[in-house]
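Visitor:
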Ligand code: AMP
C-alpha cells in the first residue's frame, strides 16, 4: 500500500500531513500527487470527502517551494477557483495547514466582504490565491490582480461551477491565464458539457477517477420515512430526540424552509442554526463554527450553502425535503461519510416527493429501506399542538413569477430573475438543473398524472417559492 513517504513530497509537507493525523494517502492522493509534482495536467473525477483538496494542495505547495521565487506584486503563483465562499475558506485553511512549515503566502478572496483587505493582500503578491470566480474578476477589472504569472491553476468542483452559472466567468479567467501553465480540473461528475470545458482547459492530462457515487452511498446506512408534508416538523423533533444523533445536518430545498425548520427545532429545545445564501458571511461563519465546536447539534442548510462544507463527525444527515436533482442526494448524504467513516442518512418523503425518490433510487442504483409513518396519530397530535402559523403550508410569495419548476414548484436557493453568475460565489441555485422524474432536465412545470395535489388538497405549485 502506498504511504505518504512514497510520493516524493517535500519533508516539510510530510511533517504537516502526519501532524494532521493522516496515516496514509487516500486513493486520489496516491494517484494524483506524483504526476502533479512532475508538472502534468490532471483531470480528477472525485467528490468532496475523497481527500481531493490535499491531492492538489500538497503537490502545488511542493512545486512552489521547489521553484522558490517570490511572487511579483499583484500576482499569484498558484490560483485555485472554488464555487462557494465556504469551500474557498476551507481550501485556504488546508493550504495554510499543510504549508505551515514553508514560507509561502496564502490569500483567499470572495464576495460579500470588503475589497480593501483583499486588495492589500494581493498588492504584495501571493504564492497561493483561492478565489470565487466573481470576486476574482472584480479584482482583475480593478487592476488589483493580474493572472499572467500563474504557474498552476486549479478548477475545483467544476460541475458546481457550471450549475451556479459561472461558465462565462471561467472562460474569461482562462483567457487571462498564461498559455504555459499547469492546470488541474476536478469534478464529481463528468457530463458532456463538463468534459468539453475540461478539454479546453487541460493539455494531455492524467485522468484519475475515484469513488463513484454508488460506492459512497453504499457505506451509509439509509432510510426513507413516508410522512405527510405538514407532519415533517413533528417527525424531525421526534428523530432528534435520539441521543445517538450527536451532530446532524438537515437539508431543505429553500432558504425560507431552512429558517423555518431551524426555528421549529429551537422551539422544541433542539439548538439549531440555519445557513444559506441570504445570511451574511459572519452569520454563516458563526453558525459553522458553533456546529463544528458542538455548541449546536443541528445545522439546517440548503444544498448550495452546504456545498463542500467539511465538518467531520456528522453522525446523521436528514433530508427534510428530498432534492429534485438526484446527484444532490449523493452530495448531501456524503457529508456523513467523510474520509472513510460511515454515517446515517434519513429522508423524509411526502407524497409529492415520490418521483424524486424514484429518481434517486435509479441514479444510485439501490432501493432505500423505508418506514411508513403516514396516518400516525402521535405525529398528528404533535402537529396539532404546534404554534399557530408554523403548521401551515408555505404560501407563494408575490415575486415568485408564477413560473414553477420541477414538480411541486419548489425552486431552489438563489433561482431568481434572469441568469448570470453573482460575484459572491455560490449564491445561485441549481440553475438549469431542474429535472423531470426519469432524469430529463426541464424548466417547465411537470405534473405527474393527476397527482399534482398535496395531501391537503393544495395545488402543489403553491408550495415554496424563492426567498
Ligand atoms: P476533501 O475531499 O479534500 O474535502 O477531504 C475530506 C476530509 O478528509 C477532510 O476532512 C480532510 O482533512 C480529510 N483527509 C484528507 N486526506 C486524508 C488522509 N490521507 N487521511 C485521512 N483524512 C484525510
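Residue numbers (the working numbering): 12 to 478. By construction, the Cβ of each residue, glycine as well, lies at the ideal position given by its N, Cα and C atoms.
If I measure Cβ to Cβ from residue 324 and keep anything under 6 Å in the same chain, skipping five residues before and after, which residues do I get?
Guide: 258
Visitor: Does the Cβ-Cβ distance between residue 36 and residue 13 come in under 8 Å?
Guide: yes
Visitor: Quick one: what's residue 90 bridged to in DSSP?
Guide: 140, 164.
Visitor: Could you pull the start and end residues of the alpha helix (DSSP H) that residue 186 belongs to?
Guide: 178–187
Visitor: Which runs of the alpha helix (DSSP H) fall wholly inside the segment 315–368 and span at least 4 residues, in chain order?
Guide: 337–344
Visitor: On a CA-only basis, which of 64, 84, 127, 245 is nearest residue 392? Give me that one, please.
Guide: 245
Visitor: Kindly give me the distance between the Cβ atoms of residue 90 and residue 196, rounded to whole angstroms, as I take these residues to be in contact under 8 Å.
Guide: About 13 Å; that fails the 8 Å criterion.
Visitor: May I ask you to report which of helix, strand or coil DSSP gives residue 377?
Guide: coil
Visitor: For residue 233, write down the residues that DSSP places opposite it in a beta bridge.
Guide: 356
Visitor: I think residue 139 touches residue 120, with their Cβ atoms under 8 Å apart; what is that distance to the nearest whole Å?
Guide: Going by Cβ atoms, the distance from residue 139 to residue 120 rounds to 12 Å, so no, they are not a contact pair.
Visitor: Rounded to whole angstroms, what is the Cα-Cα separation between residue 18 and residue 167?
Guide: 22 Å
Visitor: Could you round the C-beta distance between residue 295 and residue 97 to whole angstroms and report it? I think they count as a contact, below 8 Å.
Guide: 7 Å
Visitor: Return yes when the C-beta of residue 65 is under 7 Å from any heavy atom of the ligand AMP, and no when it is not.
Guide: yes
Visitor: In the DSSP assignment, what residue or residues form a beta bridge with residue 116?
Guide: Note: residue 116 sits in no beta bridge, so no partner.
Visitor: Roughly how many angstroms separate the alpha carbons of residue 39 and residue 192, rounded to a whole number?
Guide: 22 Å
Visitor: Anyone know if the C-beta pair for residue 260 and residue 317 falls short of 8 Å?
Guide: yes
Visitor: I think residue 337 touches residue 370, with their Cβ atoms under 8 Å apart; what is that distance to the nearest whole Å?
Guide: 5 Å
Visitor: Terminal residues of the continuous beta strand (DSSP E) containing residue 219?
Guide: 217–220
Visitor: Please list the terminal residues of the continuous beta strand (DSSP E) segment that includes residue 198.
Guide: 193–198
Visitor: Do the segment 209–222 and the segment 235–249 make contact, defined as three or more Cβ pairs closer than 8 Å?
Guide: no
Visitor: Which one of 250, 41, 81, 26 has the shortest CA to CA distance from residue 327?
Guide: 250
Visitor: For a test of the three-state rule: what should DSSP assign to residue 30, helix, strand or coil?
Guide: Assignment of residue 30 by DSSP, reduced to helix, strand and coil, places it in the helix class.
Visitor: Is residue 36 near the ligand AMP, in the sense that its beta carbon is under 7 Å from a heavy atom of that ligand?
Guide: yes
Visitor: Where DSSP assigns a beta bridge to residue 55, which residues make up the other side?
Guide: 197, 219
Visitor: Using the DSSP secondary-structure output, state which residues sit across from residue 286 in a beta bridge.
Guide: DSSP output for residue 286 lists 312 as bridge partner(s).
Visitor: From residue 106 to residue 72, what distance separates their C-alpha atoms?
Guide: 8 Å
Visitor: Around the Cβ of residue 298, are there at least 16 other Cβ atoms within 10 angstroms (buried) or fewer (exposed)?
Guide: buried
Visitor: With a CB to CB cut of under 6 Å and the five nearest residues on each side skipped, what residues in its chain are close to residue 25?
Guide: For residue 25, where only same-chain residues beyond five positions count, the Cβ hits under 6 Å are 15.
Visitor: When you compare only the Cα positions, how much space is there between residue 201 and residue 289?
Guide: So the alpha carbons of these two residues sit roughly 30 Å apart.
Visitor: Would you kindly work out how many angstroms separate the C-alpha atoms of residue 186 and residue 158, rounded to a whole number?
Guide: 9 Å
Visitor: Between the alpha carbons of residue 22 and residue 68, how many angstroms are there, rounded?
Guide: 15 Å
Visitor: What did DSSP end up calling residue 383 once you bin it into helix, strand or coil?
Guide: Secondary structure of residue 383 (DSSP, three-state): strand.
Visitor: Under a three-way DSSP split, which group does residue 121 fall into?
Guide: coil
Visitor: Please check the pair residue 144 and residue 181, which I expect to be a contact at CB under 8 Å, by giving their CB distance rounded to whole angstroms.
Guide: Yes, residue 144 and residue 181 are in contact; Cβ-Cβ is about 6 Å, under 8 Å.
Visitor: Return the chain-ordered list of same chain residues with a C-beta closer than 8 Å to the C-beta of residue 50, the five sequence neighbours on each side being excluded.
Guide: These residues qualify, in order along the chain: 74, 193.
Visitor: Is it buried or exposed for residue 215, if we count other Cβ within 10 angstroms and need 16 for buried?
Guide: Note on residue 215: under 16 other CB atoms within 10 angstroms of its CB, so exposed under the neighbour-count rule.
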